[in-house]
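Colleague: If you're matching them up, the sequences are chains S and H in order.
Be aware that the first sequence starts at 1, since it is given in the working numbering, and climbs by one per residue.
Be aware that the second sequence starts at 1, since it is given in the working numbering, and climbs by one per residue.
For glycine and all other residues, C-beta sits at the position ideal for the given N, C-alpha and C.
Computed from a predicted structure; not experimentally measured.
There are 2 protein chains.
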Amino acid sequence: MSTVAKAISLLELLGGGAPEAALADLARAAGFDKATTRRLLVSLIAQGLVEQDETTRLYRLGAGLTRLALMREAQFPFLRMAVPVVEMLAAETGETVHLSEYSKRGLITVQVIESAKANRVSVQLGDVLPMHATASGIAFLAFAEERIRQGILAGPLPAFTPFTIGDAATLADHVAAARARGHSIGAQGFEEGVMSVAAPILGADGYSIGAIAVAAPRVRTQKADIERLGVIVTAAGREIGERLFGRLPGQKRA
Amino acid sequence: MSTVAKAISLLELLGGGAPEAALADLARAAGFDKATTRRLLVSLIAQGLVEQDETTRLYRLGAGLTRLALMREAQFPFLRMAVPVVEMLAAETGETVHLSEYSKRGLITVQVIESAKANRVSVQLGDVLPMHATASGIAFLAFAEERIRQGILAGPLPAFTPFTIGDAATLADHVAAARARGHSIGAQGFEEGVMSVAAPILGADGYSIGAIAVAAPRVRTQKADIERLGVIVTAAGREIGERLFGRLPGQKRA
DNA sequence: AATGTGCATTTCATTATTTGCAACGGCATT
DNA sequence: AATGCCGTTGCAAATAATGAAATGCACATT
Numbered sequence: 001m002s003t004v005a006k007a008i009s010l011l012e013l014l015g016g017g018a019p020e021a022a023l024a025d026l027a028r029a030a031g032f033d034k035a036t037t038r039r040l041l042v043s044l045i046a047q048g049l050v051e052q053d054e055t056t057r058l059y060r061l062g063a064g065l066t067r068l069a070l071m072r073e074a075q076f077p078f079l080r081m082a083v084p085v086v087e088m089l090a091a092e093t094g095e096t097v098h099l100s101e102y103s104k105r106g107l108i109t110v111q112v113i114e115s116a117k118a119n120r121v122s123v124q125l126g127d128v129l130p131m132h133a134t135a136s137g138i139a140f141l142a143f144a145e146e147r148i149r150q151g152i153l154a155g156p157l158p159a160f161t162p163f164t165i166g167d168a169a170t171l172a173d174h175v176a177a178a179r180a181r182g183h184s185i186g187a188q189g190f191e192e193g194v195m196s197v198a199a200p201i202l203g204a205d206g207y208s209i210g211a212i213a214v215a216a217p218r219v220r221t222q223k224a225d226i227e228r229l230g231v232i233v234t235a236a237g238r239e240i241g242e243r244l245f246g247r248l249p250g251q252k253r254a
Numbered sequence: 001m002s003t004v005a006k007a008i009s010l011l012e013l014l015g016g017g018a019p020e021a022a023l024a025d026l027a028r029a030a031g032f033d034k035a036t037t038r039r040l041l042v043s044l045i046a047q048g049l050v051e052q053d054e055t056t057r058l059y060r061l062g063a064g065l066t067r068l069a070l071m072r073e074a075q076f077p078f079l080r081m082a083v084p085v086v087e088m089l090a091a092e093t094g095e096t097v098h099l100s101e102y103s104k105r106g107l108i109t110v111q112v113i114e115s116a117k118a119n120r121v122s123v124q125l126g127d128v129l130p131m132h133a134t135a136s137g138i139a140f141l142a143f144a145e146e147r148i149r150q151g152i153l154a155g156p157l158p159a160f161t162p163f164t165i166g167d168a169a170t171l172a173d174h175v176a177a178a179r180a181r182g183h184s185i186g187a188q189g190f191e192e193g194v195m196s197v198a199a200p201i202l203g204a205d206g207y208s209i210g211a212i213a214v215a216a217p218r219v220r221t222q223k224a225d226i227e228r229l230g231v232i233v234t235a236a237g238r239e240i241g242e243r244l245f246g247r248l249p250g251q252k253r254a
């Protein structure tokens, strides 16, 4: 395990649990020696990615992370382009809408607008969605680079509910169906009682870079609703791609 | 130089220049060997902090950074609490307003609302503001922990304009005046022709954690304007602190 | 006040990772 | 065909990371 991997796993731990963590707890959770853990944290602090409370000695994520994320957004304005579309979709459907972006680890939820209804689906910002168990993931895979799709089909497919797709063949079928349809339909694969409809967001090269999804409680989703949502979600996904890269296919990021 | 410091310096380089960079350019800019640079990048890619274009082989910042920043925001909702106040202040003043957060390297600009006027001040999101040369920095220092203030006074004070405060004694005077007033007044210390008024945002322990500032072209700022702005900026800064930590002093982050 | 416990921090010899050189193969230009 | 540039890989040398143990600190208990 490389040193940078260790350092970043500490960031993940700091981000995952309580807002602040003690050295001993971090070391235990990460499986590193206390001394090692501390030296990694010191390095991260010097770079502004971690902060330490002067008095309690507790560690927390630092503002340097916000800075890096803002610099990225300045270079590739995914949120700036997508947010208005997500808002429109949320207003049009009245259900929870979430937006995600591809990362090595899965689809990262980068924006959520929750339905105003009492019975609604809740997704956490920053959550990583598994490719095989969510509508977003399947919509993504349907238009993803071959290499990525194969990687998921070949890898493990852990079950999150009794409805999670567990074998590669079925998953491949769902992906193919989503590709034909232009959007995917997720039925309780990640969370019970939740139906989702998702569409890919395509990059300049025509391959997926993310997904947009509408999620609603199962009780509120009739077949006709699903079909109606499918159409407008697909349009929303395409709209985001066009805002990001222009209407001309094959064009590169500015 | 620790390995993590090297890796993070690559992230800074990727964020600083063009949206995408080639290996050779990165290695040259960072001063690392080509092989070293590549291995660091591979580690960062495995963690999702960097992405590589499959065909062009160019590197760019990855979505994992957004994820970490979102997790931080979930733990410490600085933007969520501050943005409405910034918006109100922008509406009330009609000038550019920007919000910054303390980091080891300086004050990080985390939100900006630009004035609608044609002649307006422009600040970049993610920019790092020098403590000694900006109204925000001096407002921050006025209520910062003693150790941080001393560090700045002892350190170098590079000049950005002919108006930048260059010696520690003058800087200390300005900081003391800001402390007495509750807000700072910046006169072209960072950019010529720009006047700013800034107030600190105080943490649970009463020390600064950031700053909020109004920036306007010098031609539009009479003495009376400055005084008026000072009052409302100070109130905005206090409002943000209260939203974050509640009105009770000495209370810790949830 | 003294003792004990749990924590963060520092030290240092050992270990293992990181490093940089150099060589290779691909690709485009000359 | 030759040249130059780039990304990638192998390998011995150099350096940074490691973990056990010691130290110091603060707080709680006796």
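Measuring alpha carbon to alpha carbon, tell me which residue in H:Val197, H:Ala180, H:Arg179, H:Ala178 is nearest Gly186 (chain H).
Modeller: Stepping through the second sequence from its first residue, residue 186 (chain H) is reached at position 186. Checked all of H:Val197, H:Ala180, H:Arg179, H:Ala178; the closest Cα to Gly186 (chain H) is H:Val197.
Colleague: At which residues does the alpha helix (DSSP H) containing Thr170 (chain S) begin and terminate?
Modeller: As a working note, residue 170 (chain S) is residue 170 in the first sequence. That run of the alpha helix (DSSP H) goes 168-181.
Colleague: Identify the residues that DSSP records as bridge partners of Pro84 (chain S): which are they?
Modeller: For the purposes of this step, residue 84 (chain S) is taken as residue 84 along the first sequence, with counting starting at 1. Paired residue(s): none; Pro84 (chain S) is not in a bridge.
Colleague: Do Ala224 (chain S) and Val194 (chain S) have their C-beta atoms closer together than 9 angstroms?
Modeller: On the first sequence, position 224 is the one that residue 224 (chain S) refers to. On the first sequence, position 194 is the one that residue 194 (chain S) refers to. Not closer than 9 angstroms, so no.
Colleague: Could you list the residues in the segment 56-83 of chain H with a C-beta less than 9 angstroms from some C-beta on chain S, going in chain order?
Modeller: Flagged, chain order: Thr56, Arg60, Leu61, Gly62, Ala63, Gly64, Leu65, Thr66, Arg67, Leu68, Ala69, Leu70, Met71, Arg72, Glu73, Ala74, Gln75, Phe76, Phe78, Leu79.
Colleague: Leaving out the 5 sequence neighbours to the left and right, which residues in its chain are closer than 6 angstroms to Val85 (chain H) when beta-carbon positions are compared?
Modeller: For the purposes of this step, residue 85 (chain H) is taken as residue 85 along the second sequence, with counting starting at 1. For Val85 (chain H), where only same-chain residues beyond five positions count, the Cβ hits under 6 angstroms are Ala236, Glu239, Ile240.
Colleague: What residue from S:Arg220, S:Ile212, S:Glu242 has the CA that sits closest to Thr87 (chain S)'s CA?
Modeller: Position 87 of the first sequence, counting from 1, holds the residue named residue 87 (chain S). For the sequence presented, residue 87 (chain S) should be read as Glu rather than Thr. Checking every option, the nearest Cα to that of Glu87 (chain S) belongs to S:Ile212.
Colleague: Just reading off the beta strand (DSSP E) that Thr96 (chain S) is part of, what are its end residues?
Modeller: Against the first sequence, residue 96 (chain S) aligns to sequence position 96. Here the beta strand (DSSP E) through Thr96 (chain S) covers 96-103.
Colleague: Tell me where the alpha helix (DSSP H) around Val42 (chain S) begins and ends.
Modeller: In the first sequence, the residue the question calls residue 42 (chain S) occupies position 42. First-last of the alpha helix (DSSP H) with Val42 (chain S): 34-46.
Colleague: Kindly examine the ligand HEM and report whether one of its heavy atoms sits closer than 8 angstroms to the Cβ of Ser2 (chain H).
Modeller: As presented, the structure is devoid of all ligands, the ligand HEM included, so that no description of it is given.
Colleague: How many Å lie between Tyr102 (chain S) and Thr66 (chain S) at the Cα?
Modeller: As a position in the first sequence, residue 102 (chain S) is number 102, starting the count at 1. As a position in the first sequence, residue 66 (chain S) is number 66, starting the count at 1. Straight-line Cα distance between these residues: approximately 19 angstroms.
Colleague: Are Ala90 (chain H) and Leu244 (chain H) closer than 9 angstroms when you measure CB to CB?
Modeller: Taking the second sequence and counting its residues from 1, the one referred to as residue 90 (chain H) is at position 90. Taking the second sequence and counting its residues from 1, the one referred to as residue 244 (chain H) is at position 244. No, the pair does not count as a contact, with Cβ atoms beyond the cut-off.
Colleague: Could you list the residues in the segment 142-158 of chain H with a C-beta less than 9 angstroms from some C-beta on chain S, going in chain order?
Modeller: Cβ contacts with chain S come from Glu145, Arg147.
Colleague: Using a C-beta cutoff of 9 angstroms, does Ala254 (chain S) count as contacting chain H?
Modeller: Residue mapping note: residue 254 (chain S) aligns to position 254 of the first sequence, counting from 1. With a pLDDT of only 41 at Ala254 (chain S), under the threshold of 50, the placement of this residue in the model should not be trusted; the figure read from the coordinates follows. By this cut-off, Ala254 (chain S) is an interface position.
Colleague: Ala136 (chain H) by DSSP, collapsed to three states: which one?
Modeller: Taking the first residue of the second sequence as 1, we reach residue 136 (chain H) at position 136. First, the residue type needs correcting, since residue 136 (chain H) is Ser and not Ala in the sequence shown. It is helical.
Colleague: Using three-state DSSP, classify Ile152 (chain H) as helix, strand or coil.
Modeller: Counting from one through the second sequence, the residue named residue 152 (chain H) turns up at place 152. In this structure, Ile152 (chain H) counts as helix in the three-state DSSP scheme.
Colleague: Looking at C-beta atoms only, is the number of pairs between the segment 92-108 of chain S and the segment 100-117 of chain H that lie closer than 8 angstroms three or more?
Modeller: With a cut-off of 8 angstroms, the segment 100-117 of chain H and the segment 92-108 of chain S do not count as touching, because too few Cβ pairs lie within range.
Colleague: Would you give the residue range spanned by the beta strand (DSSP E) that Ser196 (chain H) belongs to?
Modeller: Within the second sequence, residue 196 (chain H) is the residue found at index 196, counting from 1. From DSSP, the beta strand (DSSP E) with Ser196 (chain H) extends over 194-202.
Colleague: Can the beta-carbon of Leu79 (chain H) be found less than 9 angstroms from the beta-carbon of Arg72 (chain S)?
Modeller: Within the second sequence, the letter at position 79 stands for residue 79 (chain H). Within the first sequence, the letter at position 72 stands for residue 72 (chain S). It is not a contact, given that the beta carbons lie outside the stated cut-off.
Colleague: So is Lys104 (chain H) in contact with chain S if we call contact Cβ pairs under 9 angstroms?
Modeller: Locating residue 104 (chain H) in the second sequence gives position 104, where the first residue counts as 1. Closer than 9 angstroms: yes.
Colleague: Just the chain S side, please: which residues come within less than 7 angstroms of Leu44 (chain H) by C-beta, in chain order?
Modeller: As a first step, residue 44 (chain H) is located in the second sequence; it is residue number 44 there, counting from the start. Going along chain S in sequence order, the residues near Leu44 (chain H) (Cβ under 7 angstroms) are Val4.
Colleague: How would you list, in chain order, the residues of chain H whose beta-carbon sits under 9 angstroms from the beta-carbon of Gln52 (chain S)?
Modeller: Your numbering for residue 52 (chain S) matches position 52 in the first sequence. Within 9 angstroms Cβ-Cβ: nothing; Gln52 (chain S) doesn't reach chain H, min ~11 angstroms.
Colleague: If you reduce the DSSP assignment to three classes, tell me which class Ile165 (chain S) lands in.
Modeller: The sequence position of residue 165 (chain S) within the first sequence is 165, counting from 1. The answer is coil: DSSP assigns Ile165 (chain S) none of H, G, I, E or B.
Colleague: Classify Ser184 (chain S): buried if its beta carbon has 16 or more other beta carbons within 10 angstroms, exposed otherwise.
Modeller: As a working mapping, residue 184 (chain S) is identified with position 184 in the first sequence. Ser184 (chain S) comes out buried.
Colleague: Go ahead and label Thr255 (chain H) buried or exposed: buried means 16 or more other beta carbons lie within 10 angstroms of its beta carbon, across all protein chains shown.
Modeller: Given a span of 1 to 254 for chain H in the structure shown, any question on residue 255 (chain H) remains unanswerable.
Colleague: Would you identify the three-state DSSP class for Thr93 (chain S), choosing helix, strand or coil?
Modeller: Locating residue 93 (chain S) in the first sequence gives position 93, counting from the first residue. Looking at Thr93 (chain S) - three-state DSSP - the assignment turns out to be helix.
Colleague: Could you round the C-beta distance between Phe190 (chain S) and Ala133 (chain S) to whole angstroms and report it? I think they count as a contact, below 8 angstroms.
Modeller: The sequence position of residue 190 (chain S) within the first sequence is 190, counting from 1. The sequence position of residue 133 (chain S) within the first sequence is 133, counting from 1. The Cβ separation is near 5 angstroms, so the contact holds.
Colleague: Candidates S:Ala5, S:Glu227, S:Glu12: which alpha carbon is nearest Ile45 (chain H)'s?
Modeller: The residue labelled residue 45 (chain H) in the question sits at position 45 within the second sequence. Among S:Ala5, S:Glu227, S:Glu12, the Cα nearest to that of Ile45 (chain H) belongs to S:Ala5.
Colleague: Taking a Cβ distance cut-off of 7 angstroms, strictly less, list which residues of the segment 89-113 of chain H are near chain S, in chain order.
Modeller: Listed in sequence order: Glu101, Tyr102, Ser103, Lys104, Arg105, Ile108, Val110.
Colleague: Spatial neighbours of Leu157 (chain H) within its chain, please: CB distance less than 6 angstroms, with the 5 preceding and 5 following residues excluded, ordered by chain position.
Modeller: Working through the second sequence from its first residue, we reach residue 157 (chain H) at position 157. Here the set comprises His132, Gly166.
Colleague: Figure out for me which residue from S:Arg149, S:Leu10, S:Gln124 has the closest Cα to the Cα of Glu51 (chain S).
Modeller: By 1-based counting over the first sequence, the position of residue 51 (chain S) is 51. Selected option, being the one with the closest Cα: S:Leu10.
Colleague: Would you mind sorting Gln124 (chain S) into buried or exposed? The rule is 16 or more other CB atoms within 10 Å of its CB.
Modeller: As a first step, residue 124 (chain S) is located in the first sequence; it is residue number 124 there, counting from the start. Under this definition Gln124 (chain S) is an exposed residue.
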